[in-house]
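Enquirer: Here the sequence shown stands for residues 2 to 252, where the numbers follow my numbering.
Virtual Cβ for every residue (Gly too), placed ideally from N, Cα, C.
Bear in mind the structure is a predicted one, so any value in this text is a computation, not a measurement.
Input: one structure, supplied below.
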Amino acid sequence: MQGQSPSAQLENRKLDKRLADLAVVIPVYNEEKNIRACIESWLRVLTGLEIHYLLIVLNDGSRDKTEQVLSEFSQNKSIQIVNKANEGHGPTILRGYHIGAGLAEWVFQIDSDNELPAETFHTFWDARHDKNAVLGFRVGREQSVIRKIISRTAKITTSVLYKCHHKDVNIPYRLIRSDDLIPILSHIPHDTFAPNIAISGALAKTGASVSELPVPFEPRAHGVASLTDFSAFTNAVKSLIQLVRISRSFS
């Protein structure tokens, strides 16, 4: 497999028995005050489910003490820590997906801000049978006007481009079967700003069987989101262009 792209390598692994039942992808950027509680909550919940799991924690060039906090978990064989140069949230998620899909039968993605609780995950795991994916939708979430506009635009865009009518197309609380995720990833460039939106659209466009379940939203306990409203708006324009291009690749 030398010289092949990550997607091609993953395609070649599809027939191999994967090492774990579940890989949980957690991108992290400047979350020194939240990441410990996040990891501990997921370890507690997943251990209670008695499944073979792996946490893939990707530190996207954090400038605070995130790397130092992550080092506390370096001896835990259920955690793979990836410290890397800053690429952005989207590319970091994609890197985690590529790693996770090669290691586990199912891939789950969650952000590191602890806004969506690990305690809800058991309902997703129970709902996975006979499904290609289980996607969440946030309840009780308060957004600024700009972010509401961005979320609404994303939903309309995926509806028009992908015939996708999922309730929360960008939620970072999603469980996807690896054999369904791998071919989708081959269509998504590594620098995509919002890959989860494209994945939601692709699941709809390819006729995947998807369940949707509610996830209670809890405001972060510490810090603020790294993406300001202005940055979110400017990047939304970039994301729209990328989503158009990606949708054409599924035609």
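1) Starting from the C-beta of Ile-57, find all residues in its chain whose C-beta is less than 6 Å away, skip the five residues before and the five after it, and write them out in chain order.
2) Comparing alpha-carbon positions, which option in Leu-55, Leu-214 and Ala-86 lies nearest Ser-75?
3) Taking contact to mean at least 3 C-beta pairs separated by less than 8 Å, is the stretch 104-121 in contact with the stretch 186-195?
4) So is Val-238 buried or exposed if we call it buried at 16+ other beta carbons inside 10 Å?
5) Do Leu-182 and Val-108 have their beta-carbon atoms positioned less than 8 Å apart in this structure?
6) Under a Cβ-count criterion, where at least 16 other Cβ atoms within 10 Å of its own Cβ denotes burial, should Thr-48 be classed as buried or exposed?
7) Measure the beta-carbon distance from Leu-214 to Gly-89 and round it to whole angstroms, keeping in mind my assumption that it falls under 8 Å.
8) Measure the CB-CB distance between Val-140 and Ala-155 and report whether it falls below 8 Å.
9) Where does Ser-232 fall in DSSP's three states?
10) For the alpha helix (DSSP H) containing Asp-114, list its first residue and its last residue.
11) How many Å lie between Ser-187 and Lys-168 at the Cα?
12) How many Å lie between Gly-62 and Val-70 at the Cα?
13) Ends of the beta strand (DSSP E) at Ile-80?
14) Would you say Ala-134 and Ala-38 are within 8 Å of each other, going by their C-beta atoms?
15) So, helix, strand or coil for Asn-133, using DSSP?
16) Helix, strand or coil: how does DSSP classify Pro-92 here?
17) Quick one: measure Cβ to Cβ for Pro-28 and Ser-152, integer angstroms, because I've assumed they're closer than 8 Å.
18) Does Gly-4 pass the burial test, meaning 16 or more other C-beta atoms within 10 Å, or should it be called exposed?
Expert: Judging by the given coordinates:
1) Ala-24, Val-26, Gln-81, Gly-97, Ile-100 and Gly-101
2) Leu-55
3) no
4) exposed
5) yes
6) exposed
7) That pair is no contact at about 28 Å.
8) no
9) helix
10) Here Asp-114 belongs to no alpha helix (DSSP H), and DSSP marks it neither H nor E.
11) 25 Å
12) 14 Å
13) 80-85
14) no
15) coil
16) helix
17) Pro-28 to Ser-152, Cβ: 19 Å. No contact.
18) Residue placement at Gly-4 cannot be trusted, given a pLDDT of 47 that sits under 50; what the coordinates show is reported in the next sentence. Exposed.
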